[in-house]
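Colleague: Okay, handing you the structure first.
There are 2 protein chains.
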Amino acid sequence: MADLARLSINQATTREQHSLAEAIAAYAGAGVTGISIWRDKLDECGLDEAVRMVQDHGLRVSGLCRAGQFPGGDAASRQASIDDSLLAVDQAVALGADCLIVVAGGLPRGSKDLAGARSMIRDGLGAVLPHARAAGMPVAIEPLHPMYAAERCAINTLGQALDLCDELGPGVGVAVDVYHLWWDPDLQAQIDRAGERVLAYHVCDWLVPTTDLLLDRGMMGDGVIDIPQISAWVEDSGYDGLIEVEIFSAGNWWKRPGDEVVRACRERIQSAV
Amino acid sequence: MADLARLSINQATTREQHSLAEAIAAYAGAGVTGISIWRDKLDECGLDEAVRMVQDHGLRVSGLCRAGQFPGGDAASRQASIDDSLLAVDQAVALGADCLIVVAGGLPRGSKDLAGARSMIRDGLGAVLPHARAAGMPVAIEPLHPMYAAERCAINTLGQALDLCDELGPGVGVAVDVYHLWWDPDLQAQIDRAGERVLAYHVCDWLVPTTDLLLDRGMMGDGVIDIPQISAWVEDSGYDGLIEVEIFSAGNWWKRPGDEVVRACRERIQSAV
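Here the protein sequences come in this chain order: A and C. When you read off a place in the first sequence, starting at 1, and then add 152, the result is the number in the working numbering. When you read off a place in the second sequence, starting at 1, and then add 152, the result is the number in the working numbering.
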């Protein structure tokens with residue numbers, strides 16, 4: 153099971169309990185090594201203040217969530233997503249993040265052109281990558297579960313994300329999230345193919361039953377994903393970075409005290425990851 | 153757009169409105185060519201009576217739903233699924249069905265062994281196929297959306313289903329359902345690979361937002377799937393059988409009068425498929 157020293161908590165896991173300042177204090181106070189920061193929370197706090205707090209508490213930033221959402225119905229909205237992603241690169245650099253997470257985006261409103269959306273994703277990433285490379289910030293494409301293809305992300309398997317990496321060249325890799333990928337019969341082979349392009353590893357669990365498409369993720373060990381198996385594959389790929397717990401749970405974990413959630417993350421990463 | 157003469161309605165589409173007898177009368181009365189029958193409704197009615205009604209109304213049976221659910225926690229439960237599937241073959245033959253639909257099954261209760269479940273699916277199908285071949289009943293593996301991998305079906309892409317067909321030999325093909333497969337970046341290539349192994353084609357739509365993992369499917373045209381594009385790929389594969397409308401919709405279509413639903417199926421297959 154995983155070493156506690158590799159634990160990072162994605163602040164979405166205590167989104168309802170903690171401001172960014174409170175999350176940083178709570179995680180660091182509990183001896184957690186890392187945090188993954190969301191940009192909406194960053195905007196509330198201000199970048200300079202966030203950088204100062206992270207440094208003061210000695211936290212490592214495993215990722216900044218998120219750039220992307222590249223498809224759009226017109227050129228102006230597509231450019232706005234690119235501009236926003238360029239800003240995210242700078243924010244990630246300032247925070248010293250291990251990578252910038254990209255959630256690519258789904259169908260533009262009113263569109264059924266999935267192939268077209270995927271082309272816009274490729275073009276958007278292509279427009280952001282030169283700046284990310286120059287800034288030394290690794291960009292991690294996070295394939296999302298196929299149930300999010302319409303609204304959130306049209307990159308839905310690790311193989312598809314790696315095909316995109318192959319096309320885009322250096323400076324871009326993948327975030328492996330067990331929730332999105334556990335069902336894929338090709339997962340082991342694609343993690344192996346990814347190799348050093350695995351830039352992030354996210355864990356939570358798939359509950360049975362799952363009552364909500366978005367906000368019913370489980371704590372590791374409470375669901376049906378064989379997480380230690382996937383962890384072994386990720387380990388074999390050479391990834392030795394932080395392991396990030398990211399749980400959206402409107403009905404359960406978001407209702408519990410923040411300290412209890414942090415404690416559960418600490419316990420479960422050692423017993424169920 | 154599709155020819156009305158190719159319309160079949162899966163009786164699940166009016167599950168809450170119609171018994172099997174009522175569905176047969178309603179569909180045939182509206183000039184619908186085919187019906188797909190569920191075995192729970194068949195059991196209520198009795199096989200002989202169902203065969204008589206289908207013949208009296210001149211309906212073609214596009215499929216019998218369903219055999220499968222092969223993974224089980226012990227040998228006895230696995231054998232029970234095989235026995236039940238063998239019975240389903242005989243029922244499909246009696247009904248003159250175009251194929252027997254297999255929904256393979258997910259993880260046994262308490263198990264996280266997805267690869268093991270997939271092995272059980274292969275073994276279960278292997279035990280059923282000799283009888284199906286001898287009876288001349290084509291078996292259609294229906295890959296289900298990855299969000300059903302845990303509880304319903306661990307066959308989640310068309311490529312995976314075809315790999316299984318390759319392994320199992322003659323007498324087995326696939327059911328292509330746009331709801332389960334529309335997101336797959338490899339879909340066109342896999343439909344092309346399937347060729348004459350496409351045994352059934354199912355349509356409905358993916359709604360935005362989707363509020364329930366199971367019971368919130370849309371009528372064709374109300375969602376984001378480019379159904380005519382997928383229909384063209386299926387056509388190119390050589391499939392010229394019935395096109396089956398299968399909609400689970402607790403919040404909308406199941407609440408409307410059955411005749412209105414049948415009318416919508418007739419209209420939409422011509423305008424949106």
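Just so it is clear, CB atoms sit at the ideal spot from N, CA and C, and this is done for glycine as well.
1. Using DSSP's beta-bridge definition, name the partner residues of A/Leu-159.
2. Tell me the DSSP bridge mates of A/Val-414?
3. Thinking just about the alpha-carbon of each residue, which of C/His-297, C/Cys-217, C/Val-355, C/Val-350 is nearest to the one in C/Val-397?
4. Check this for me: beta carbons of C/Cys-417 and C/Leu-159, under 8 Å apart or not?
5. Any C-beta of chain C sitting closer than 8 Å to the C-beta of A/Asp-378?
6. Which residues of chain C have a Cβ atom closer than 9 Å to the Cβ of A/Leu-259, listed in chain order?
7. First and last residue of the alpha helix (DSSP H) that includes A/Ile-189?
8. Determine, for A/Arg-274, whether the minimum Cβ-Cβ distance to residues of chain C falls below 8 Å.
9. From C/Leu-366, C/Val-360, C/Pro-380, pick the residue whose C-alpha is nearest to that of C/Gln-340; which is it?
10. Would you list the residues sitting across from A/His-354 in a DSSP beta bridge?
11. So which residues of chain A does C/Trp-190 contact, with C-beta pairs closer than 7 Å?
12. Taking 6 Å as the limit between beta carbons, can you name the residues of its chain near A/Val-150, skipping five residues before and five after?
13. In terms of alpha-carbon separation, which member of A/Gly-321, A/Gly-262, A/Asp-250, A/His-297 lies closest to A/Tyr-391?
14. Which chain A residues are close to C/His-297, counting only those with a beta carbon under 9 Å from its beta carbon?
15. Given a threshold of 16 other Cβ atoms within 10 Å of its Cβ, counted over all protein chains shown, does A/Asp-374 qualify as buried or as exposed?
16. What does a CB cutoff of less than 8 Å around C/Asp-378 pick up in its chain, not counting 5 residues either side in sequence?
17. May I ask which residues mark the beginning and end of the alpha helix (DSSP H) holding A/Val-386?
18. Can you find a C-beta in chain A that's less than 8 Å from the C-beta of C/Glu-303?
19. Could you tell me whether the Cβ of A/Trp-335 comes closer than 8 Å to any Cβ of chain C?
20. Going along chain A, which residues have a C-beta under 9 Å from C/Leu-365?
21. Candidates C/Gly-248, C/Ala-240, C/Asp-315: which alpha carbon is nearest C/Ser-271's?
22. Helix, strand or coil: how does DSSP classify A/Cys-197 here?
23. Got a sec: is the Cβ-Cβ distance from A/Arg-420 to anything in chain C below 8 Å?
24. Once DSSP output is grouped into helix, strand and coil, what is the label at A/Gly-215?
25. Measuring CA to CA, which of C/Gly-258, C/Val-254, C/Ala-346, C/Leu-266 is closest to C/Leu-310?
26. Taking 6 Å as the limit between beta carbons, can you name the residues of its chain near C/Glu-303, skipping five residues before and five after?
27. In or out: C/Ala-269 buried (at least 16 other Cβ within 10 Å) or exposed?
28. In terms of DSSP beta bridges, what is A/Val-376 paired with?
29. Could you list which residues in chain C have their beta carbon closer than 8 Å to that of A/Asp-265, in chain order?
30. CB A/Thr-185 to CB A/Trp-405, shorter than 8 Å?
31. Can you tell me the Cβ-Cβ gap for A/Ile-189 and A/Leu-216, rounded? I've got them flagged as a contact below 8 Å.
32. Mind listing, in chain order, the continuous beta strand (DSSP E) runs of no fewer than 3 residues lying wholly within the region 291–328 of chain A?
33. Ignoring anything shorter than 3 residues or poking outside the region 221–297 of chain C, list the beta strand (DSSP E) runs there in chain order.
34. Taking only beta-carbon atoms, is A/Gln-221 less than 8 Å away from chain C?
35. For a test of the three-state rule: what should DSSP assign to C/Ser-423, helix, strand or coil?
36. Nearest to A/Val-386 by alpha carbon, out of A/Val-328, A/Ala-279, A/Gly-278?
Modeller: In terms of the structure at hand:
1. DSSP output for A/Leu-159 lists A/Ile-395 as bridge partner(s).
2. Note: A/Val-414 sits in no beta bridge, so no partner.
3. Ranking C/His-297, C/Cys-217, C/Val-355, C/Val-350 by Cα distance to C/Val-397 puts C/Val-355 first.
4. If you check the CB distance, C/Cys-417 and C/Leu-159 come in under 8 Å.
5. By this cut-off, A/Asp-378 is an interface position.
6. Under the 9 Å cutoff, chain C gives Val-360, Val-376.
7. A/Ile-189 -> not in any alpha helix (DSSP H); beta strand (DSSP E) instead, spanning 186–190.
8. No, its Cβ sits nowhere closer than 8 Å to a Cβ of chain C.
9. Comparing Cα positions, the closest option is C/Pro-380.
10. Paired residue(s): A/Asp-329, A/Glu-396.
11. When 7 Å is used as the limit between beta carbons, C/Trp-190 is near no residue of chain A, the shortest such separation being about 21 Å.
12. An answer regarding residue 150 of chain A cannot be provided, because it is not within the stretch 153 to 425 covered by chain A.
13. Among A/Gly-321, A/Gly-262, A/Asp-250, A/His-297, the Cα nearest to that of A/Tyr-391 belongs to A/Asp-250.
14. Those within 9 Å of C/His-297 in chain A are Pro-298, Met-299.
15. Buried, because 16 or more other Cβ atoms sit within 10 Å of the Cβ of A/Asp-374.
16. So the qualifying residues of the chain are Trp-334.
17. Secondary structure note for A/Val-386: its alpha helix (DSSP H) is the uninterrupted segment 379–388.
18. Between C/Glu-303 and chain A, the shortest Cβ-Cβ separation is below 8 Å.
19. Yes, its Cβ sits closer than 8 Å to a Cβ of chain C.
20. The answer, in chain order, is Met-299, Pro-361, Thr-362, Thr-363, Asp-364, Leu-365.
21. When each option's Cα is compared against that of C/Ser-271, the closest is C/Asp-315.
22. It is helical.
23. The beta carbon of A/Arg-420 sits no closer than 8 Å to any beta carbon of chain C.
24. Strand at A/Gly-215.
25. Checked all of C/Gly-258, C/Val-254, C/Ala-346, C/Leu-266; the closest Cα to C/Leu-310 is C/Ala-346.
26. A distance below 6 Å between beta-carbons, with the five flanking residues on each side excluded, links C/Glu-303 to the following residues of its chain, in chain order: Gly-258.
27. Under this definition C/Ala-269 is a buried residue.
28. DSSP links A/Val-376 through a beta bridge to no other residue.
29. Within chain C, the residues placing a beta-carbon under 8 Å from that of A/Asp-265 are Asp-378, ordered along the chain.
30. Taking 8 Å as the Cβ cut-off, A/Thr-185 and A/Trp-405 do not qualify as a contacting pair.
31. So it is a contact: roughly 6 Å between Cβ atoms.
32. Those beta strand (DSSP E) runs which fall completely within the region 291–328 of chain A and span 3+ residues are 291–293.
33. You should have 252–255, 291–293.
34. No, A/Gln-221 does not count as interfacial toward chain C.
35. In the structure shown, C/Ser-423 sits in a helix (DSSP, three-state: H, G or I).
36. Ranking the options by Cα distance to A/Val-386, first place goes to A/Val-328.
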